Ligand code: F6P
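Residue numbers (the UniProt record's numbering): 1 to 340.
See below:
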């Protein structure tokens, strides 16, 4: 059997660990051959693939990014996309595809699977917002990085008696903000799931300022004010994936204006996605990889590996791509205990 592997969407720590596990188990235990499609679904669409063997995956476990490259290419945007993917896969002698990606990449996988392309999915995103799986790899690394940043911001906030706003990733769900905010001792956490009241935020900031002079506000990039009329009109050409691009900077300015306390914003951005995966993410990504190749061997196409408790299971691609996994309300309520 020859298996094609691709990584699509935003990069994420742990992608290489999946590729390594898939190839090692596939070659060692089942005698499979592998090709790596380059740049997500662009590879199968254009027939762009490289050989993948055990020497090619040596040493990549702790490396961030993806040795295969990534893109957000949607093969279904082209009228002949499905036929081209099928033809290129056949020409390369590929019998099955392992697609490692987020909701979009897996959504294309699901559509292609419905058209008869044999695909097994592996969910990835630092945002942890894919339904059907308790966690995705990359998330814990992002939380580590964001928590470390908050730890560092505390000392600057204290030394300068400033409010520090830290904007973390999470355009649709607040998992990173809630985890890193709680772990880092943030005094306010704002998430997309709960539009925020600016007056309330300023009250929490004041309460904290009276106690320590050093409030930290952790805001997810997808958070929005409850009163949408305060959102300034979007400048041309900005990323409209988030409803209020620059929410962290805006919040910092508003807090300073309303409370009179000096405030600064730090946007962590892609630092949360780059670099070496945490041990937990290497572990999860490796287990996802081992189980994905097992699923290919067993012909479980149209399905994806997921984590449930401590077990790796299989779930229909339609479940993973049928909506968003929002952060649990009780996580927010627990975090709120520490606000102000
Ligand atoms: O992978 C998801 C994510 O990290 C989001 O939180 C963020 O909005 C987005 O990717 C940004 O990706 P890019 O800058 O690559 O378009």
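Think of the CB as a built atom: it goes at the ideal place given N, C-alpha and C, for glycine as much as any other residue.
Quick caveat: nothing in here was measured; it's all calculated off a predicted structure.
Are the beta-carbon atoms of residue i and residue j separated by less than 8 angstroms?
i: residue 176; j: residue 219; result: no
i: residue 157; j: residue 196; result: no
i: residue 264; j: residue 164; result: yes
i: residue 68; j: residue 19; result: yes
i: residue 124; j: residue 107; result: no
i: residue 170; j: residue 70; result: no
i: residue 193; j: residue 327; result: yes
i: residue 131; j: residue 322; result: yes
i: residue 205; j: residue 266; result: no
i: residue 150; j: residue 271; result: no
i: residue 275; j: residue 21; result: no
i: residue 185; j: residue 339; result: no
i: residue 182; j: residue 335; result: yes
i: residue 17; j: residue 285; result: yes
i: residue 134; j: residue 307; result: yes
i: residue 423; j: residue 173; result: Within the shown structure, residues of the chain are numbered from 1 to 340, placing residue 423 beyond reach of any answer.
i: residue 24; j: residue 57; result: yes
So, helix, strand or coil for residue i, using DSSP?
i: residue 32; result: coil
i: residue 168; result: strand
i: residue 228; result: helix
i: residue 117; result: coil
i: residue 110; result: helix
i: residue 82; result: helix
i: residue 360; result: No answer is possible for residue 360: it lies beyond the span of the chain, which begins at 1 and ends at 340.
i: residue 214; result: coil
i: residue 341; result: With the chain running from 1 to 340 in the structure shown, residue 341 is simply not present.
i: residue 327; result: coil
i: residue 235; result: coil
i: residue 75; result: helix
i: residue 100; result: strand
What residues in its chain sit with their C-beta under 6 angstroms from that of residue i, if we drop five residues either side in the sequence?
i: residue 32; result: 1, 3 and 26
i: residue 6; result: 37, 40, 43 and 99
i: residue 299; result: none
i: residue 47; result: 88
When we look at the beta-carbon of residue i and count the other beta-carbons within 10 Å, is it buried (16 or more) or exposed?
i: residue 221; result: buried
i: residue 75; result: buried
i: residue 13; result: buried
i: residue 160; result: exposed
i: residue 105; result: buried
i: residue 136; result: buried
i: residue 230; result: exposed
Report all residues from its chain with a CB closer than 8 angstroms to the CB of residue i; omit the five preceding and five following residues, and keep chain order.
i: residue 201; result: 188, 190, 217, 251 and 255
i: residue 95; result: 1, 2, 3 and 118
i: residue 268; result: 145, 146, 149, 166, 167, 168 and 169
Which residues in the same chain as residue i place their Cβ atom closer than 7 angstroms to its Cβ, once the five residues preceding and following it in sequence are excluded?
i: residue 316; result: 302 and 303
i: residue 280; result: 140
i: residue 318; result: 110
i: residue 287; result: 312
Residue i CB to nearest chain D CB: under 8 angstroms?
i: residue 243; result: No chain D appears in the structure shown, which is made up of a single protein chain.
- Query: If you scan the region 8-70 from start to end, which runs of the alpha helix (DSSP H) of 4 or more residues do you find wholly inside it?
  - Reply: Residue ranges of uninterrupted alpha helix (DSSP H) with 4 or more members, entirely inside the region 8-70 and ordered along the chain, are 15-30 and 42-46.
- Item | Complete alpha helix (DSSP H) runs within the region 238-262 (minimum length 4 residues, chain order) | Taken in chain order, the unbroken stretches of alpha helix (DSSP H) that lie wholly in the region 238-262 and span 4 residues or more are 247-259.
- Item | Ranges of the alpha helix (DSSP H) found wholly within the region 149-210, counting only runs of at least 4 | Counting whole runs of 4 or more residues, the region 149-210 contains the alpha helix (DSSP H) stretches 175-184.
- Whole runs of the beta strand (DSSP E) within the region 281-320, excluding any shorter than 3 residues: Segments of the beta strand (DSSP E) lying fully in the region 281-320: 303-308 and 311-316.
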